Amino acid sequence: MYDNILVPTDGSRGAESAIARALDLARTANATTHVLYAIDESLEPSQLDAAARDELRSQSEKRGRGATVQLDEQAADLGIETVRAVNEGIPYREILDYIDENDIDLVVMGTHGRTGAERSRFGSTTERVITHADVPVMAVHLTEDEDLPEHGYGMYDHVVIPIDGSGAAERAAAHGLSIAERYGADVHVIYVIDTTTYGFVDAPGSIVGLLKQGGQNAIEDIAADARERRLPVTTDILRGVPHEEILAYATGVNADVITMGTRGQTADMDGFLGSTTTRVVRQSEIPVLTTN
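Position 198 (the sequence shown) corresponds to 198 in UniProt numbering; numbering is contiguous.
If you want it as structure tokens, here you go:
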């Protein structure tokens, strides 16, 4: 499934949650886990003299080494091979460079930092990586007071796969099916009829009928693949605001991961990410695996 899994970390509890999920995936796939701490050079105050800058960098490097050693120790308990790195630069660029230079095929990132400002910054880094990475990225958005299991999660029981007929969504679905197959999880394939596209909630029945048929066709391709893998699969066609319907459905089935393509069939974009994916990543308390 995966050979090299990268976990960028800022040493926060949110990042620890990403580490736990990455290690569990690495354990099941017999993959090498890479942990990267990127020292953000843009945060150095310009008024500092050379000695103060050196001291600040030394403290950052020490914190980075501590964060990477922590993962190394956790991985060793599970018999997982690890690679540790502490780099300096703009975090999302360092992460993207590391992906290219080390044959990474999955990134698992937390979305919380230590303080309010750092939460925003780390979340922004995650979104930039999702936008530009050529490999799937799992965004783990968890609260700092959540109890973490001692050795990984091992709890992928329900995988939700929203589909819209786009290539990106189909690629994300393939990863979702692989995870479901590895863990023996139930697969839920859904299609959301976006009535907001027409500027009113109650779209004409004829249009809804056409959209429903298109959704059924898109769903069936993924569902058929799940059945070939002998996975339990359910399908649903929903109607409403896409990100709201996806999040409500995923919560309702106790989903453990949602897969999303970063660019859907519509032209509505929020920055570089598709607007639906952006909203799901930002609002979901369930891990979201994205692909370009």
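Just so you know, even glycine gets a beta-carbon here, dropped at the ideal spot from N, CA and C.
A quick note: this is a predicted structure, and the numbers were derived from the prediction, not measured.
- In this structure, T111 and V140 form a Cβ contact; the two beta carbons are roughly 7 Å apart against a cut-off of 8 Å.
- C-alpha of V253 to C-alpha of N30: approximately 29 Å in a straight line.
- Partner residues in the beta bridge of T235, as assigned by DSSP, are V189.
- DSSP places I161 in the uninterrupted beta strand (DSSP E) bounded by 158-162.
- Residue pairing by DSSP puts G110 in a beta bridge opposite V140.
- Remark: fewer than three beta-carbon pairs, one from each stretch, lie closer than 8 Å, so the stretch 223-235 and the stretch 279-288 are not flagged as touching.
- Taking C-alpha positions only, T195 is separated from D186 by approximately 28 Å.
- For L71, the secondary structure class from DSSP, reduced to helix, strand or coil, is helix.
- Bridge pairing for Y183: absent [DSSP].
- Within the DSSP secondary-structure output, Y37 pairs in a beta bridge with V86.
- Going by C-alpha positions, D221 is about 10 Å away from G215.
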